[in-house]
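Enquirer: Structure incoming, see below.
Okay, structure coming up:
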């Protein structure tokens, strides 16, 4: 079974790029914009660790639970998953060579942004029930997911490039690792 990557609104800290702190660190608005343009390449499925400059994140909404979330929601762009050091450690073997864990500065401890390298055309557009956004040739709604099995075989996290927004999906094994390690901050919604 495949699940949507979805943060839990009841247990997460929402984080955002702290522009003021970024400008102090990197010297100018233009330098900060260059860093953000590197971040934007994450949705391309290309490695960026060799040009990565750490983002400074702030917390916008206080969490509702008593412990920090392992998967805080990045409010500036949901396609950039942020994970705790615990989640990074638990998932790194499963996600070997398919994700770059890029350090970010976060007030609640050690966190990383996941650059998902698996960009897979995996939605069977004929069998799925989809609504297209003709202005950008992207899928803006999927009422019924039908995946191409051979396209996602053995993948534990991947992006569907034609899906508007994050288009990020996870496997049962990913979910099981999260449960086995008591990681918090995700809800497990099957992609049906």
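Residue numbers (full-length UniProt numbering): 1 to 192. Don't be surprised by glycine CBs; every beta carbon is placed ideally from N, CA and C.
1. Measure the alpha-carbon distance for residue 155 versus residue 9 and round it to whole angstroms.
2. On the criterion of 16 or more Cβ atoms from any shown chain inside 10 Å, does residue 177 qualify as buried, or is it exposed?
3. When DSSP builds the beta bridges, which residues end up paired with residue 129?
4. State the beta-bridge partners of residue 115 as determined by DSSP.
5. Whole angstroms is fine: what's the gap from residue 91's alpha carbon to residue 125's?
6. Rounded to whole angstroms, what's the CA-CA distance from residue 193 to residue 83? Just pull it up for me.
7. Can you list, in chain order, the residues of its chain with a C-beta nearer than 6 angstroms to that of residue 119? Leave out the 5 residues immediately preceding and following it.
8. Buried or exposed: which applies to residue 206, given that a residue is buried once 16 or more other Cβ atoms fall within 10 Å of its Cβ?
9. So residue 190 is in the beta strand (DSSP E); what residue range does that whole segment cover?
10. Output needed for residue 111: all residues of its chain with C-beta closer than 6 angstroms, excluding positions within five of it in sequence on either side, in chain order.
11. Checking 8 angstroms against the spacing of the C-beta atoms, do residue 190 and residue 1 come in under that value?
12. With a threshold of 7 angstroms on Cβ separation, who are the neighbours of residue 4 within its own chain once the five nearest residues in sequence on each side are excluded?
13. Tell me the DSSP secondary structure of residue 54 in three-state form.
14. Can the beta-carbon of residue 55 be found less than 8 angstroms from the beta-carbon of residue 157?
15. Compare the Cα-Cα distances from residue 147 to each of 140, 171, 134, 138 and report the closest residue.
Expert: According to the structure shown:
1. Computed Cα separation, rounded: 26 angstroms.
2. By the neighbour-count definition (other C-beta atoms within 10 Å, threshold 16), residue 177 is a buried residue.
3. Partner(s): 144.
4. Beta-bridge pairing links residue 115 to 100.
5. Between residue 91 and residue 125, the alpha-carbon positions lie close to 30 angstroms from each other.
6. Beyond the ends of the chain as shown, which are 1 and 192, falls residue 193; an answer cannot be given.
7. Excluding the 5 residues flanking it on each side, residue 119 has same chain C-beta neighbours closer than 6 angstroms at 45, 159, 161, in chain order.
8. With the chain running from 1 to 192 in the structure shown, residue 206 is simply not present.
9. Per DSSP, residue 190 belongs to the beta strand (DSSP E) from 186–190.
10. Excluding positions up to five away in sequence, the list reads 82, 84, 104.
11. Inclusion of residue 190 and residue 1 in the CB contact set at 8 angstroms is warranted, their separation being smaller than that value.
12. Hits under 7 angstroms: 169, 189, 191.
13. Looking at residue 54 - three-state DSSP - the assignment turns out to be coil, as it is neither helix nor strand.
14. Cβ distance not < 8 angstroms, so residue 55 and residue 157 don't count as in contact.
15. Nearest C-alpha to residue 147: 171.
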